[in-house]
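Structure, as structure tokens:
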Amino acid sequence: MDRRRIPGPEASVKPIIERADDEDTQHVAPLKTIDDIRQDGRSLDKIRKAWLAPGIITQANGSAYIEFQGTKVACAVYGPRATKISAFSGKGSLNCEIKFAPFSCQKRRSPQRDPQEKELSHLLFEALAPAVRLDLLPKSTIDVFVTILQNDGNGSCLAASITAASVALADAGIEMLDQVAACSACYIDDEIWIDCTLREEEHAQGSLVLSYMSSLNEITHMLQSGEISVSGTIRTIEQCTEACSKIYSIMGNCLLESVRRKLEKDNTLGGLNKKEG
Amino acid sequence: MPVLISPAEREYIINGVDHNIRADGRGRLDYRQIVIETGLIPQASGSARCRLGEGTDVLVGVNVEVGQVDMEGDDEVIRERKSKRGRVICNVECSPIASQQFAGRGAEDFNNELTQTLDRVLNGPQGGLNLEKLCIIPGAECWVVNIDALILDYAGNLLDMVFITTRAALHNTKVPKTIITKTEDGLEFDFSDDMEDAERIEGWENVPIAVTLSKIGSRHIVDATPLEELTVDARLLVAVNKNGKICGVQKGGSGSIEPSLLNEMIQTGGTIGQHVIQKLDEQLEREEKETSKKIVRNESVGKLGFFAAI
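If you read the sequences in order, they're chains W and F.
Per this note's numbering, residue 13 is the first one in the first sequence, and the count goes up by one each step.
Per this note's numbering, residue -3 is the first one in the second sequence, and the count goes up by one each step.
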């Protein structure tokens, strides 16, 4: 443990908070009703209400903030900049980093990078790399920093990170083949649940995170765990690609909207980027 | 371990794969020969070593020890379920003797990646092992299964070999029998001294293995060599158990895969994986019989110069 940063005791436990009676009944409430309506009122194949905003961080070349109700993720893109290592590379490199805010999970996370964050960062790279035109950026590096502010579902955190990073890259004006939209799903009692919350995830027998480029019809990443038949896997992939297409249209609209807003702002200021029509 | 590949070599590999013939004469879906040995490390509860073709050498040691049960989680039901379970901890390490690239800090990220992949497949309901049976006293003590894989030599297709060796090592693992007694202070336990009583971990036969399918051009291959791995832009790890059920899928590399090809790859992975498990189990059974024969004849079971033996 880093004593310079954490002046607390070495071990700590979460206080036990007694639940009020009505809360208690909610706690044991089933995950869904008989007609497949989940606790937050959506059906099994629906994603949570999403909120997406590009360009929220002033210092970054591109940025995005995404929210799937309880899951909140911010992403900033810096670069392209010159690669520090002297070895020549004909292709640019994409440096991805995912960080959980210490207060983002139920248990406090250490401010130091843990193995899970390292692995998620690597998965984020693998999901974005097929879309970014790194061949156009020799000797350069693009930095993608993701901070998870609130975690409501580990699968949805990764999915939201991928989606946000893709929007942030576009916002930074980095050339890409297509936008990458990502979606998570869980298997609970032989049914496929799209975009699960943390509580639903705890009851899951397996999970899937899929990232997909809609216009190109290519899957950029897939991560599945849990025992399931081959046909079941294929069915889940199909459902996830459908959900990804929905997220993809949200991403497109948000980006268009932000560009329009930028242009309007430039017009009113009489900026150099003034465009006719 | 080569790092760079020339465009001509790349072209050669891609064309070969397209014609279903690879540089070493294999077809697209052929494995190299796998040699397997079990029970090499007397200090471990179970061990196995696999060598693939002319290269990749993986040594897995399994150590079981008594530990505390995991009681974390917010949900009462989940905590209750966890308190009655044993635990599995995985670790993969690439030894610097396998490649210069594994020396120093360079291997850290790679080790972490391999460890997380192994851990994700083995930890969870799809892992196969009967964790309830590994619990000694519910809510207190349980067996912790430490799986440590060491990479001694590298010639491509690391993850497949790590999974195959792990399965063999778990087959070889024996857990001492515990005797639980009731005292005034609650439950207490003791080990049985007789090693004859030691039992195999229940559910080892359901432990999945993984098949890595590498996409080269518009086709996919299994068991890629290091040179082929440099040509690959996307690969798919498919974990399968003996019933042919998918236990995990993970894409790797910096390329993308078309949905129809992805489905095809998952299907191929499923059938190949099941076949490999069948072959592996036959071999493990054969080896076990030989060892027990040796014990009956009072011969030495220890192996001599195991690392040199291919």
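We put the CB at the ideal spot given by N, CA and C, even for glycine.
When the five nearest sequence neighbours on each side are left out, the beta carbons in the same chain lying within less than 8 Å of the beta carbon of W/G102 are those of D147 and P150, in order along the chain. For W/M225, the secondary structure class from DSSP, reduced to helix, strand or coil, is strand. Pairing F/G120 with W/E129, the inter-Cα distance amounts to about 19 Å. Cβ atoms of W/V242 and F/Q263 come within 8 Å of each other, at about 6 Å.
Counting the other Cβ atoms within 10 Å of the Cβ of F/T177 gives fewer than 16, which makes it exposed. Pairing W/S173 with W/V158 gives a Cβ-Cβ distance under 8 Å.
With a threshold of 8 Å between beta carbons, F/V117 makes contact with chain W.
In the DSSP assignment, W/Q236 falls within the unbroken beta strand (DSSP E) covering E230 to I240.
By alpha-carbon distance to W/V221, the top candidate from W/H215, W/P19, W/C198 and W/L228 is W/C198. Per DSSP, F/S288 is not a residue of any beta strand (DSSP E); the alpha helix (DSSP H) it occupies stretches across P255 to V292. Within chain W, no residue has its CB atom less than 9 Å from the CB of F/G199, the nearest being about 12 Å off. Rounded to the nearest angstrom, the gap between the Cα atoms of F/E61 and F/N87 is 15 Å. When C-alpha distances from W/E214 are compared across W/L56, W/A184 and W/N166, the shortest belongs to W/N166. Residue-level contact check: W/V242 touches chain F, since one or more beta carbons of chain F fall below 8 Å from its beta carbon. Residues of the stretch 150 to 168 of chain W with a C-beta less than 8 Å from any C-beta of chain F: none at all. Within the same chain, V13, N16, R18, R215, H216, I217 and V218 come within 8 Å of F/R24 by CB-CB distance, once the 5 residues on both sides are set aside. Taking the CA atoms as reference points, W/V85 sits about 43 Å from F/H167.
Using a C-beta cut-off of 8 Å, the stretch 241 to 255 of chain F makes no contact with the stretch 275 to 285 of chain F, since fewer than three inter-stretch Cβ pairs fall below that distance.
The Cβ of W/M263 sits no closer than 8 Å to any Cβ of chain F.
Residue F/G269 holds the alpha-carbon nearest to the alpha-carbon of F/M157 among F/G269, F/P(-2) and F/D20. With contact defined as three or more Cβ pairs closer than 8 Å, the stretch 177 to 186 of chain W and the stretch 204 to 214 of chain W are not in contact.
Along the stretch 103 to 137 of chain W, the positions whose C-beta sits under 8 Å from a C-beta of chain F are Q118, K119, P127, Q128, K130, E131, H134 and F137, read in chain order.
Interface annotation, W/Q236: in contact with chain F, CB-CB separation under 8 Å. F/G213 does not reach chain W, its nearest Cβ partner there being about 15 Å away, counting only Cβ pairs nearer than 7 Å. If you draw a straight line from the Cα of W/I160 to the Cα of W/L210, it comes to about 14 Å. Contiguous alpha helix (DSSP H) elements confined to the stretch 46 to 129 of chain F occur at 72 to 78 and 104 to 118, taking only those with 4 or more residues. One Cα belongs to W/K274, the other to W/S178, and the distance between them is close to 19 Å.
Listed in chain order, the non-local C-beta contacts of F/N59 below 6 Å within the same chain comprise A40, S41 and N142, local neighbours out to five positions each way being set aside. By the Cβ criterion, the stretch 224 to 238 of chain W is in contact with the stretch 233 to 249 of chain F, since at least three pairs of Cβ atoms, one from each stretch, lie closer than 8 Å. Here DSSP, grouped into helix, strand and coil, assigns F/M(-3) to coil. Residue nearest to F/S2 within the set F/A99, F/T227 and F/L257 is F/T227 (criterion: CA-CA distance).
With respect to W/G218, W/I154 sits apart: the two C-beta atoms are not nearer than 8 Å.
Of all alpha-carbon atoms in F/M191, F/L114, F/C131 and F/D189, the one lying nearest the alpha-carbon of F/L233 is that of F/L114. Going by DSSP, F/E137 is part of the beta strand (DSSP E) stretching over E137 to D149.
Bounds of the beta strand (DSSP E) holding W/I160 are S152 to Q162. The beta carbon of W/K258 sits closer than 7 Å to those of I59, all from its chain and outside the five residues before and after it, given in chain order.
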